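Note that the sequence shown covers residues -13 to 361 in the numbering used here.
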Amino acid sequence: MEKIPLLDLREQYRTLRGEIRVALDEVLESQQFILGPQGALLEQELAAYCDTRHAVGLANGTDALTLSLGACGVGPGDEVIVPAFTFVASATAIVRLGARPVFADIDPATFNLRPEEIDARRTARTKAVMPVHLYGLPAEMDTINELAARHGLIVVEDNAQAIGARYRGRRTGSLGAVCGISFYPTKNLGAYGDAGMMVTNSEEIAAKIRCLRDHGQTGKYVSSEAGWNSRLDEIQAAVLRVKLRHLDDWTMTRQAHARRYEKLLGGLPGLSLPRAATHTEHIYHLYTVRVEGKSGRRDRVHDLLAGRGISTGVYYPVPLHLQPLYSGGKDRRGEFPVAEEAAEQVLSLPIFPELSNERIERVSEALKDVLRETD
Ligand SMILES: *Cc1c(COP(=O)(O)O)cnc(C)c1O
């Protein structure tokens, strides 16, 4: 039987081949590869898409977070509150600046930062808080912004997974002071290599990052501070401009797929499905369910599905406080119980725009069987 991948980018390329080749040809004919017209146009288009005034193209999403934090003045000795359940890059961006990530637990229903944790984890050194819109679902931004404002903390959004999602009608990326976006190839808006961007309404922050991404140069061969080499290249910008035109259609298709999964899998014992509150819009970068039950059941479900030719993913099996990088040689189990339970239960089912209804039905049928087998 035909295998079902978690994600198949080749199917997307088949539908885009003509447009992509024209766009790449234009860059190749121009022989302008760094800081050219494609990047500048993408910045304008992406700022408009995210409802922000400014966008600055960068080499990848991790740099976008690092430079965003740096431009807000985060540095050695500062603490930044970040969820314990996210991709490790959210915290790496903090460490790169000599600052310290302070982990916070998550809300079990949304997998996102639990706002009350800001009060619990805050110290005199806390400078910023980094909500992550995990799997494509916006974090609870009103409460986060309110607590941050009360304590004078800067809010930096990690929007690597939720481009286009809305919170109370407003786009992710426009909800904090500054925001980092990743165009890693598997993201909803993916480049053909590494690429990233920061968006903000602050002209000052945007100007600072524009300077930092290009060796801190303020004029031709004049630098006033040690910057980075972190630029989004013209080839990637050209690809992303083509794809951005399709993004809303793709998002709607992902949402239709999610509704189909809900219809097929809703109400099964031992399985809980992703849910968005009425004021948040989920764009389903990943369709992540919880497999409840005895320890190890999720891994068995994953393996049994693989045996039936169905790929699923675990994002993420190890929460940040249990990573060797952050555990400091200590056994930190039990510190963030909700994050730890999520790490044991989450399973992401195939979801991408080109997935057919028939394949969604096959995944759902197989999952039902496997849940029965492992009950
Ligand atoms: C992908 C991702 C990043 C890092 O982006 P890169 O472009 O790979 O550097 C950061 N945070 C989260 C939550 C991500 O999913």
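Built from N, CA and C at the ideal position, the CB exists for glycine as well. These figures come from a predicted structure and were not determined experimentally.
Locate the beta strand (DSSP E) running through Cys165, then write down its first and last residues.
-> 164 to 168
Should the stretch 266 to 284 be called in touch with the stretch 340 to 347, which here means at least 3 C-beta pairs below 8 angstroms?
-> no
Going along the chain, which residues of its own chain have a beta-carbon closer than 8 angstroms to the beta-carbon of Ser209, five neighbours each way excluded?
-> His201, Gly202, Gln203
Can you have a look at Arg154 and say buried or exposed, based on whether 16 or more other CB atoms are within 10 angstroms of its CB?
-> exposed
Integer Cβ distance of Ala148 from Gly176, believed to fall under 8 angstroms = Actually they are not in contact, since the Cβ atoms of Ala148 and Gly176 sit about 14 angstroms apart, beyond 8 angstroms.
So is Ala57 buried or exposed if we call it buried at 16+ other beta carbons inside 10 Å?
-> buried
Express the C-alpha separation of Gln309 and Ile191 in angstroms, rounding to a whole number.
-> 32 angstroms
C-beta atoms of Leu259 and Glu248 nearer than 8 angstroms | yes
Determine the direct distance from the alpha carbon of Leu53 to that of Gly213, and round the result to whole angstroms.
-> 10 angstroms
Cβ of Asp144 within 7 angstroms of any heavy atom in ligand 1?
-> yes
With distances taken between CB atoms, is the gap from Ser168 to Gly182 smaller than 8 angstroms?
-> yes
Would Gln222 be called buried (16 or more neighbouring beta carbons within 10 Å of its own) or exposed?
-> buried
For Phe89: DSSP bridge partner residues | Val68
Using 7 angstroms as the cut-off, classify the Cβ of Val225 as near or not near the heavy atoms of ligand 1, replying yes or no.
-> no
C-beta contact flag for Gly63 and Arg111 at 8 angstroms | yes
Are the CB atoms of Ser76 and Leu99 nearer to each other than 8 angstroms?
-> no
Beta-carbon proximity check, Ala70 vs His307, cutoff 8 angstroms = yes
Count the CB pairs spanning the stretch 28 to 44 and the stretch 134 to 144 that are closer than 8 angstroms, and state whether there are at least three.
-> no
Alpha helix (DSSP H) runs contained entirely in the stretch 213 to 279, provided each spans 4 or more residues = 220 to 230, 233 to 251
Please determine, among Ile337, Leu55, Glu102, the residue with the shortest C-alpha to C-alpha distance to Met238.
-> Ile337
What residue range is occupied by the uninterrupted alpha helix (DSSP H) comprising Asp180?
-> Where Asp180 is concerned, there is no enclosing alpha helix (DSSP H), given that its DSSP letter is neither H nor E.
Output yes or no for whether 8 angstroms exceeds the beta carbon distance between Ile67 and Val81.
-> no
Gln222: CB within 7 angstroms of a non-hydrogen atom of ligand 1 | no
Using DSSP bridges, identify the partner residues of Val209.
-> The question names Val, yet the displayed sequence has Ser at residue 209. In DSSP, Ser209 forms a bridge with Gln203.
Using the C-alpha atoms, what's the distance from Ala163 back to Met184?
-> 11 angstroms
Under three-state DSSP, which class holds Gly25?
-> helix
Among Lys113, Glu189, Pro124, which one has its Cα closest to the Cα of Leu83?
-> Lys113
Do Val42 and Gln24 come within 8 angstroms of each other at the CB atom, strictly closer than that value?
-> no
If you draw a straight line from the alpha carbon of Ala328 to that of Val8, how long is it in whole angstroms?
-> 44 angstroms
With 16 other Cβ atoms within 10 Å as the buried cut-off, status of Asp128 = exposed
Can you name the start and end residues of the beta strand (DSSP E) that Ala192 belongs to?
-> No beta strand (DSSP E) contains Ala192, which is instead part of the alpha helix (DSSP H) from 189 to 198.
Can you check DSSP and say which residues form a bridge with Glu12?
-> None; Glu12 has no bridge partner.
Taking 7 angstroms as the line, does the beta carbon of Lys206 fall inside it for any heavy atom of ligand 1?
-> no
Comparing the CB of Phe73 with every heavy atom of ligand 1, is any distance shorter than 7 angstroms?
-> yes
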